[in-house]
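Residue numbers (the working numbering), protein chains in the order written: chain A, 2 to 140; chain B, 2 to 140; chain C, 2 to 140; chain D, 2 to 140. Heads up, the beta-carbon is just placed ideally off N, CA and C, and yes, glycines get one too. Remarks on the structure that follows.
There are 4 protein chains.
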Amino acid sequence: MITLDEARVMVAEARAKGRALGLKPLSVCVLDAGGHLLAFEREDGASPGRFEIARGKAYGAVMTGLPGSAQKARAEEQGYFMAALNGVYDGRLVPVPGGVLVLKDGAVVGAVGVTGDTSDNDAAAAVAGIAAAGYAALA
Amino acid sequence: MITLDEARVMVAEARAKGRALGLKPLSVCVLDAGGHLLAFEREDGASPGRFEIARGKAYGAVMTGLPGSAQKARAEEQGYFMAALNGVYDGRLVPVPGGVLVLKDGAVVGAVGVTGDTSDNDAAAAVAGIAAAGYAALA
Amino acid sequence: MITLDEARVMVAEARAKGRALGLKPLSVCVLDAGGHLLAFEREDGASPGRFEIARGKAYGAVMTGLPGSAQKARAEEQGYFMAALNGVYDGRLVPVPGGVLVLKDGAVVGAVGVTGDTSDNDAAAAVAGIAAAGYAALA
Amino acid sequence: MITLDEARVMVAEARAKGRALGLKPLSVCVLDAGGHLLAFEREDGASPGRFEIARGKAYGAVMTGLPGSAQKARAEEQGYFMAALNGVYDGRLVPVPGGVLVLKDGAVVGAVGVTGDTSDNDAAAAVAGIAAAGYAALA
């Protein structure tokens, strides 16, 4: 179970990675193992709808057990399947990199979702945050 | 009309097939002739959102009268049509194998939905469960 | 974390309690700590929409941390508040007895939802199922 | 316009107030002038559905321009009106204290939503957070 203190480290260090890489303003969320929000921050200059994107990336990862990169691959080879998954999850899934699973002893305990820069840079920031909190990341 | 005892056999034997084939953790649901839930089980290690996928496979089969394989073929040749069907069914349809019709004397009396491994393996598990309960299966 | 084997015990023993008390056909669901479905069974003779009620009772308990009896009390003294909660949870909350929290070492690890007889009898069946699986129940 | 640094102060100081008063675990969100999420934290031990409640309190305040206490008064004297407002806002409004407007020079620039303890204690924590960030609060 990710504690709030750990979630705050994930958010802070994902943001620090963004600043170190010179990325655009990031929005970062941390979800628990049930896909429910633990923490979120949206940097100044980000567009107002960024929470929904950040959560969508992380939510899809938790609910399907697939990180954003795997969801993207599936969406590109079988688009109607990912569209259908989005239907059963009430449209809350964003299947691109930046949705990164948080693992402990091989089990999924949550996910971090980042949006703001390219999807791959978003994922790199999420991985940095997860590692800083002492968990394994699957991007 | 599928009884609960029969539905429980379907779930148990679909799961047994999964174990016999060495599949990933399966989630199995049984719907009645109206598309309503009779029984469901999610094996340990499956991601939390598996019920929605299992039900989506079975729901689409019951509501359209087409098993998952036929829905998949239609989605690949006429994607907008399956997308439109998903609209009228409130996004609850997952058009891939693993949604298997349950037939008695040629009439649809329900469906089994399985998710967790490849779509084809999911379908094989569903067929095994249906057969064990003494019904015909259309995958 | 409730295992599937434990969830199956909860369902079986809640149903057994219903039979011992001569209750109407019961529908029983078990949700995990994130409100996601682990197991469900609907007894023969129950109306087709029982899954949604059983899940609604358990879902409201998990998401708010309040068992059905406490939700009912709140609904009766401040109806607009429970109505508003139902709005933010997409209408998935049923605030009456029969939604029973599953506790381990004082922490909520899931909930059991039962529907079919009176709300109080439904709750009694849920409690029996939870106790049989070795957990504490808060009804 | 509330900056992220200011929003973080609001969250931290609302939580500090909760700890100083010995309140139950709090969940705190800050919304901007458009009702969109800037920051959120859920304390350990809170139920998983607390984000939706915290946001609902703040969202209703921003969208109607009425703090939670005024929404509650209206709900108690004219329930169908608040129910109708909830309809037009997609069920996202929770009309009780704990949704507090953030004002600058008399204009609404956002809202803080707090949930976890009694509604009045939630509101007191929100006010403390807003004041610590140098804004006026209307609870």
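- CA-to-CA, the gap between A:Arg20 and D:Pro68 works out to about 36 angstroms.
- Excluding its 5 nearest sequence neighbours in each direction, D:Gly46 has C-beta neighbours in its own chain below 7 angstroms: Pro26, listed in chain order.
- Nearest neighbour of A:Gly99 by Cα position, chosen from A:Ala84, A:Gly130, A:Asp106, A:Met83, turns out to be A:Gly130.
- A direct Cα-to-Cα measurement between B:Glu14 and A:Arg16 gives close to 49 angstroms.
- Residues of the stretch 80-94 of chain C with a Cβ closer than 8 angstroms to any Cβ of chain D, in chain order: Gly80, Tyr81, Phe82, Ala84, Ala85, Leu86, Asn87, Gly88, Val89, Tyr90, Asp91, Gly92.
- Neighbourhood of C:Ala34 in chain A, by CB distance below 8 angstroms: Ala34, Gly35, in chain order.
- B:Met11 and B:Ala132 have their C-alpha atoms spaced approximately 8 angstroms apart.
- When C-beta atoms of the stretch 73-92 of chain C are compared with those of the stretch 112-119 of chain B, fewer than three pairs fall below 8 angstroms, so the two segments do not count as touching.
- Beta-bridge analysis with DSSP links C:Ala40 to B:Glu42, C:Val31.
- Taking the beta carbon of A:Pro49 as reference, the chain D residues within 8 angstroms of it are Asp33, Gly35, His37, listed in sequence order.
- When the alpha-carbon of D:Lys73 is set against those of D:Thr4, D:Ile3, D:Ala140, the nearest one is in D:Ala140.
- For D:Phe52, the number of other beta carbons within 10 angstroms of its own is at least 16, and it is reported as buried.
- Under DSSP, A:Ala126 takes part in no beta bridge, so it has no partner.
- With contacts defined as CB atoms closer than 8 angstroms, B:Ala40 and C:Glu42 qualify as a contacting pair.
- Sequence-distant partners of C:Gly111 (beyond 5 residues in either direction) whose C-beta falls short of 6 angstroms from its own C-beta, in its chain, are Ile3, Leu32, Asp33, Ala34, Val103.
- Taking CB atoms only, D:Thr4 has a neighbour in chain A less than 8 angstroms away.
- Collapsing the DSSP output to three states places B:Leu5 in a helix.
- The C-alpha of A:Ala127 lies about 19 angstroms from the C-alpha of A:Arg93.
- Beta bridge pairing from DSSP links C:Lys105 with C:Ala108.
- For the alpha helix (DSSP H) assignment, the uninterrupted runs of no fewer than 4 residues enclosed by the stretch 63-92 of chain A are, from N- to C-terminal side, 69-78, 80-89.
- Of all residues in the stretch 42-69 of chain A, those with a C-beta nearer than 7 angstroms to a C-beta of chain D are Glu42, Arg43, Glu44, Asp45, Pro49, Gly50, Phe52, reading in chain order.
- Taking a 10 Å sphere around the C-beta of B:Asp106, we find fewer than 16 other C-beta atoms and assign the residue as exposed.
- Residues of chain D with a Cβ closer than 9 angstroms to the Cβ of C:Val109 are, in chain order, Ser48, Pro49.
- At the C-beta level, C:Tyr81 and D:Ala76 come within 8 angstroms of one another.
- C-alpha of A:Gly66 to C-alpha of A:Val113: approximately 13 angstroms in a straight line.
- Less than 8 angstroms divides the Cβ of B:Val101 from the Cβ of B:Ala62.
- Residue pairing of C:Val113 in beta bridges, as defined by DSSP: C:Val31, C:Val101.
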